[in-house]
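*Asks:* Attaching a single structure in structure tokens format; questions to follow.
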Amino acid sequence: PCCYCEAGPEKSLLRVLKTRVEPTQGTPGQIIDSGEEGPLVACGQGGLRLLEVQPEGRKVMSGADYLRGRPVHAGDILH
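And the structure:
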């Protein structure tokens, strides 16, 4: 069991394996920042930095590697 969401225009599954809680504000699911370590996603209170993820059909990768291969921008929404 793990956390997952739908990412990108194709709504592919993204397993979330390792995160870090960070202070932030925004609409839940909204990408707040595309930092060096991985995307920061707003939650009900604060946010989660996605440090390790697994895109559908791919190997486990760091949040930074995920950002290098996917066009993720501040304001995008993960469902």
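Numbering (the working numbering), first residue to last: 1 to 79.
The beta carbon of each residue, even a glycine, is placed where N, CA and C say it ideally should be.
Could you tell me how far apart the beta carbons of valine 16 and tyrosine 4 are, in whole angstroms, since I believe they sit closer than 8 Å?
*Replies:* 6 Å
*Asks:* Would you mind sorting alanine 74 into buried or exposed? The rule is 16 or more other CB atoms within 10 Å of its CB.
*Replies:* exposed
*Asks:* Rounding to the nearest angstrom, what Cα-Cα distance links glycine 46 and proline 23 in this structure?
*Replies:* 5 Å
*Asks:* As a quick exercise: from Arg68, Pro1, Leu13, pick the residue whose alpha carbon is nearest that of glutamine 54.
*Replies:* Leu13
*Asks:* Answer yes or no: do valine 72 and isoleucine 32 have a C-beta to C-beta separation smaller than 9 Å?
*Replies:* no
*Asks:* Name the two residues that bound the continuous alpha helix (DSSP H) containing aspartate 65.
*Replies:* Unbroken alpha helix (DSSP H) run through aspartate 65: 63-69.
*Asks:* Go ahead and label proline 39 buried or exposed: buried means 16 or more other beta carbons lie within 10 angstroms of its beta carbon, across all protein chains shown.
*Replies:* buried
*Asks:* Just to confirm before moving on: does the CB-CB distance between alanine 42 and glycine 29 stay below 9 Å?
*Replies:* yes
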